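For the sequence shown, the positions run 0 to 380 when numbering that gives the first Met the number 0 is used. Just below is one structure, and these are the notes that go with it.
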Amino acid sequence: MRRTILRSAVGVALAAVLSAAALPSASAASAAGTTGAAAGTADKATVASFDRMAQAVLTQRTAALLDTAPVQHDALRSDARVGLAADLAQTENTVVSSLQARKARLAAVGEAYSAGRTQVSVDRVRISDGRADVEVTETTTLTYEKIRGDEPATTGFQARHDVTFAATSHGRWELTGITDENAGFPEVNQPAPHVSKTVDADPPQGTPAATSWPASPRPKAARSGGYDYTAMAAYAEKYWNHYNPAYREFNGAGGDCTNFISQALKAGGWKNAPGTDSDYHNWWYNSSAESWSWVGADDWSWYALSSKRVSNLANVYQLGVGDILQMDFDRDGSKNHSMIVTYRGMGGMPYVTYHSNNTYRRSVASLVMSYPHAVYYAYRT
0 MRRTILRSAV
10 GVALAAVLSA
20 AALPSASAAS
30 AAGTTGAAAG
40 TADKATVASF
50 DRMAQAVLTQ
60 RTAALLDTAP
70 VQHDALRSDA
80 RVGLAADLAQ
90 TENTVVSSLQ
100 ARKARLAAVG
110 EAYSAGRTQV
120 SVDRVRISDG
130 RADVEVTETT
140 TLTYEKIRGD
150 EPATTGFQAR
160 HDVTFAATSH
170 GRWELTGITD
180 ENAGFPEVNQ
190 PAPHVSKTVD
200 ADPPQGTPAA
210 TSWPASPRPK
220 AARSGGYDYT
230 AMAAYAEKYW
240 NHYNPAYREF
250 NGAGGDCTNF
260 ISQALKAGGW
270 KNAPGTDSDY
280 HNWWYNSSAE
290 SWSWVGADDW
300 SWYALSSKRV
310 SNLANVYQLG
320 VGDILQMDFD
330 RDGSKNHSMI
340 VTYRGMGGMP
350 YVTYHSNNTY
360 RRSVASLVMS
370 YPHAVYYAYR
380 T
């Protein structure tokens, strides 16, 4: 998976709250004059301030998607340890505007979020040469508004970020950027990455699926041909954020998304197809190795199509429980991400669960509205 980098800061409304905050001179000023290991620590109060700032930024993004008025973060008004790099406030205004536009596009297809909660935990802090690199984990839950009446209760995800602060000559810390450190792609409260490639070529295998709403229905039974699609979905929803220790994970080796759907498919009845690991006609996993098609998005699609275990669907909204959705972000013919449908509303909206990032019941509509220029592949299993 490609890593997407975004540098941003909180919006003007939040900037107004935080810009007056000053750091006690000892902390940031001393950090600005230190190097190497001597500057490798931060006191608890400063770490807590980093935490609150990161939470404020990410909560501001989540709030842009909600069908409610923004909530003021009063606790941050009295935080006198962190500030905001002024040139990044405008960047975050653009981020928030893009998310509000995404909210409007979602509303046009009948999706909205009535509530949201973003929590941030600091995993690690490194300080050197007047710079603080703060690794955080974001956990966000969004509550679906009951518009059609068949939406699941919530969707949620976990994401990792590197939040960067700089010590200024005035004795304060300033937020200078946020880097997405996930092997997967940005979540619904993050702006879409810039697409640098403009090649509009069809990939060699698979048929791109339409993204128009609504779509003609393609009903699917809960069980068919020895496959249990309910079991596939149950497996994915059990292990979406608590990994099954019986399997290796590949977040540090390109992403865990295809490994995850392979596990779910096996739980629902897919059998190993042994053979050379690099041959896409084979699909298998054992205690010491796995086929490329088990973990690679392109290789998985080649195996699944050549083995006739899947067929192409004409429209992403025809996906049913246990079906697979893949995406090609750059439109270069190489698939970047794999997801499994674990819920489908009575009104026809599929919801996907996946790894990299760990995400539960995200609507297909939110993917399409977040990444309108991506190429989508919908597979009936």
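From the three backbone atoms N, C-alpha and C, an ideal C-beta is built for every residue, glycine too. Small disclaimer: the values here were computed from a predicted structure and weren't measured.
> What are the boundary residues of the alpha helix (DSSP H) that includes Q54?
Replying inline: Sequence index remark: in the sequence shown, residue 54 carries index 55 (1-based). Counting along the chain, the alpha helix (DSSP H) containing Q54 begins and ends at 43-62.
> Taking the continuous alpha helix (DSSP H) assigned at M368, which residues delimit it?
Replying inline: Numbered from 1 along the sequence shown, position 369 holds the residue referred to as residue 368. Segment 363-369, the alpha helix (DSSP H) holding M368.
> Span of the beta strand (DSSP E) holding D179?
Replying inline: One-based indexing of the sequence shown puts residue 179 at position 180. Membership of D179 in the beta strand (DSSP E) is indicated by the continuous run 172-179.
>> If distances are taken between C-alpha atoms only, which option among S168, Y143, G251, D327 comes closest to S362?
In response: Looking up residue 362 in the sequence shown gives position 363. Cα-wise, what sits closest to S362 is Y143.
> When the Cα atoms are used, what is the spatial distance from E381 to T167?
Replying inline: The requested residue 381 does not occur in the structure, where the chain is confined to residues 0 to 380.
> Exposed or buried, S24, counting other C-beta atoms within 10 Å across all chains shown (16 or more means buried)?
Replying inline: Along the sequence shown, read from residue 1 onward, the residue named residue 24 stands at position 25. For S24, the predicted structure reports a pLDDT of 33, less than 50, and the residue's modelled location is therefore unreliable. A value from the coordinates is still provided. Result: exposed.
> What distance in whole Å lies between the Cβ atoms of A131 and A47, which are believed to be in contact at a cut-off of 8 Å?
Replying inline: As a working mapping, residue 47 is identified with position 48 in the sequence shown. As a working mapping, residue 131 is identified with position 132 in the sequence shown. A47 to A131, Cβ: 13 Å. No contact.
>> For S261, report the span of its alpha helix (DSSP H) as first-last.
In response: Here residue 261 refers to the residue found at position 262 of the sequence shown. 256-266 is the extent of the alpha helix (DSSP H) around S261.
> Starting from A230 and walking both ways along the alpha helix (DSSP H), at which residues does that stretch end?
Replying inline: Taking the sequence shown and counting its residues from 1, one reaches residue 230 at position 231. From DSSP, the alpha helix (DSSP H) with A230 extends over 228-237.
> Which residues in the same chain have their Cβ closer than 6 Å to the Cβ of S310, if we skip the five residues on either side of it in sequence?
Replying inline: In the sequence shown, the residue the question calls residue 310 occupies position 311. Answer for S310: R379, listed in chain order.
> Taking the Cβ atom as the reference point for each residue, do W299 and S277 lie within a distance shorter than 9 Å?
Replying inline: Taking the sequence shown and counting its residues from 1, one reaches residue 299 at position 300. Taking the sequence shown and counting its residues from 1, one reaches residue 277 at position 278. No, the Cβ-Cβ distance between W299 and S277 is not below 9 Å.
>> So, for P371: in the same chain, excluding its five sequence neighbours on each side, which residues have a beta-carbon less than 7 Å away from its beta-carbon?
In response: One-based indexing of the sequence shown puts residue 371 at position 372. Within the same chain, P371 has no close Cβ partners at all.
> Does the Cβ of N181 have 16 or more other Cβ atoms within 10 Å, making it buried, or fewer, making it exposed?
Replying inline: Taking the sequence shown and counting its residues from 1, one reaches residue 181 at position 182. Buried, by the Cβ-count rule.
>> My parser needs the alpha helix (DSSP H) runs of 4 or more residues fully inside the segment 293-353; what are they?
In response: 296-305
> How would you call H354, buried or exposed, if buried means at least 16 neighbouring beta carbons within 10 angstroms?
Replying inline: Against the sequence shown, residue 354 aligns to sequence position 355. Under this definition H354 is a buried residue.
>> Bridge partners for G115 per DSSP, in chain order?
In response: What you label residue 115 is simply residue 116 of the sequence shown in a count that begins at 1. According to DSSP, G115 bridges with L141.
> Buried or exposed: which applies to P244, given that a residue is buried once 16 or more other Cβ atoms fall within 10 Å of its Cβ?
Replying inline: Numbered from 1 along the sequence shown, position 245 holds the residue referred to as residue 244. By the neighbour-count rule (16 or more Cβ atoms within 10 Å), P244 is not buried but exposed.
>> Please return the same chain residues whose Cβ sits closer than 7 Å to the Cβ of Q71, not counting the five positions on each side in sequence.
In response: Your numbering for residue 71 matches position 72 in the sequence shown. Because the pLDDT at Q71 is just 49, under 50, the model does not fix this residue reliably, and the point stays unresolved.
>> Please return the same chain residues whose Cβ sits closer than 6 Å to the Cβ of F49, not counting the five positions on each side in sequence.
In response: Here residue 49 is taken as the residue at index 50 of the sequence shown, counted from 1. Around F49: V133.
> First and last residue of the beta strand (DSSP E) that includes R159?
Replying inline: By one-based count along the sequence shown, residue 159 stands at place 160. Run containing R159: 153-166, per the beta strand (DSSP E) assignment.
> For D297, which residues of its own chain have a beta-carbon under 7 Å away from its beta-carbon, when the five flanking residues on both sides are left out?
Replying inline: Taking the first residue of the sequence shown as 1, we reach residue 297 at position 298. Contacts found: S333, K334.
> So what does DSSP say about E186, is it helix, strand or coil?
Replying inline: Locating residue 186 in the sequence shown gives position 187, where the first residue counts as 1. Three-state result, E186: coil.
> Along the chain, where does the beta strand (DSSP E) that runs through L83 open and close?
Replying inline: Counted from its first residue, the sequence shown places residue 83 at position 84. Note, L83: beta strand (DSSP E), 81-83.
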